[in-house]
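Engineer: Numbering (our numbering), first residue to last: 2 to 142.
Note that the Cβ used here is the ideal one computed from N, Cα and C, for glycine as well.
These numbers come from a predicted model, not from an experiment.
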Amino acid sequence: MNVKMKLMVIYMTAASIVYASNAKEQVVQNPLDGKKFSGEVRAKGIYGLVGVTGELEFYNGQLIWKTKDSLESGDYHVIEQDGIWHFSSRYTIENDEGVYWSGTFDGNTVDEVEIIWSRQPGDWVHDLLLPKQLKLSFTVK
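In structure tokens:
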């Protein structure tokens, strides 16, 4: 192997090491996974007379909402923007109804957590009293 070829091999090896080192530094851990927040979900506006207490948990890529009577979960996604993590989750519950969660995480707590419940007709009490799409919020307690 001539000198030029040896230098080329050394250069390519060094470049590969630098690239692999930089690639490892760009892998970012999800700071929400494993976190739990106790709080209350309450409808916005006139519908928000009564809240539901429960626990919002982020575990193994799942957003989990637990109350004493129910458990709902779905995949969640996070993106980081200017040091704030934005999360969202969309999943289906009974009666083919949709639930969409979104909010922020600053490294300590969640904030601006909003839920949209897209209802399906069929439960006459809810049909009589609630709109087809209900906006709710989660507040850490």
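(1) Quick one: grab the DSSP three-state call for residue 35.
(2) With which residues is residue 49 paired in a DSSP beta bridge?
(3) Per DSSP, which one or two residues make a beta bridge with residue 76?
(4) My parser needs the beta strand (DSSP E) runs of 3 or more residues fully inside the region 67-120; what are they?
(5) Which residues in the same chain as residue 67 place their Cβ atom closer than 6 Å to its Cβ, once the five residues preceding and following it in sequence are excluded?
(6) Going by DSSP, what residue range makes up the beta strand (DSSP E) through residue 135?
(7) Cα separation between residue 53 and residue 118?
(8) Run the CB neighbour count on residue 102, radius 10 Å, all protein chains shown included, and call it buried at 16 or more, exposed below.
(9) Do residue 62 and residue 145 have their beta-carbon atoms positioned less than 8 Å apart in this structure?
(10) According to DSSP, residue 130 sits in a beta bridge with which residue or residues?
(11) Can the beta-carbon of residue 136 be found closer than 8 Å to that of residue 41?
(12) Measuring CB to CB, does residue 113 end up less than 8 Å from residue 105?
Structural biologist: On the basis of the supplied data:
(1) coil
(2) In DSSP, residue 49 forms no bridge with anything.
(3) The secondary-structure analysis by DSSP pairs residue 76 across a beta bridge with 63.
(4) 72-82, 85-94, 98-106 and 111-119
(5) 55 and 56
(6) Element bounds for residue 135: 134-141.
(7) 14 Å
(8) buried
(9) Beyond the ends of the chain as shown, which are 2 and 142, falls residue 145; an answer cannot be given.
(10) According to DSSP, residue 130 bridges with nothing at all.
(11) no
(12) yes
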